[in-house]
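Asks: A single structure is presented below for examination.
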Amino acid sequence: MMTINKVFEWDNQVEAIVWAETENLSLAFFATDYYLNKEKYAIGATLNIELAASAYKIT
Numbered sequence: 086m087m088t089i090n091k092v093f094e095w096d097n098q099v100e101a102i103v104w105a106e107t108e109n110l111s112l113a114f115f116a117t118d119y120y121l122n123k124e125k126y127a128i129g130a131t132l133n134i135e136l137a138a139s140a141y142k143i144t
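The numbering of the sequence shown is our numbering, which starts it at 86 and goes up by one.
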């Protein structure tokens, strides 16, 4: 389960980048279902999030 802590809604209001975290992990993702489930991505909401792909940068 992840807690939503930031949502950047695009100008078209049907797409968004969502930031979420657990105790050990923080990530941002493109919410492909945002246009259908906008209300589920409220700040502080806890969701079960499944990712199909991931990328990271080591600096």
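Note that CB positions come from ideal geometry on N, CA and C, so glycine has one too.
If you compare alpha carbons, which of Met-87, Glu-108, Ile-134 and Thr-88 is closest to Thr-117?
Replies: When each option's Cα is compared against that of Thr-117, the closest is Ile-134.
Asks: Using only the alpha-carbon positions, how far apart do Asn-90 and Asn-109 sit?
Replies: Per the coordinates, the alpha-carbon of Asn-90 lies some 14 Å from the alpha-carbon of Asn-109.
Asks: Assuming Phe-115 and Ile-128 form a contact by the criterion Cβ under 8 Å, report the distance between their Cβ atoms to the nearest whole angstrom.
Replies: Actually they are not in contact, since the Cβ atoms of Phe-115 and Ile-128 sit about 18 Å apart, beyond 8 Å.
Asks: Mind checking whether Tyr-126 and Tyr-119 have CB atoms under 8 Å apart?
Replies: Tyr-119 sits close to Tyr-126, with the two beta carbons spaced by under 8 Å.
Asks: Met-87: which of Ala-105, Trp-95, Ala-137 and Phe-93 sits nearest, CA to CA?
Replies: Shortest Cα-Cα distance from Met-87 to any of Ala-105, Trp-95, Ala-137 and Phe-93 involves Ala-105.
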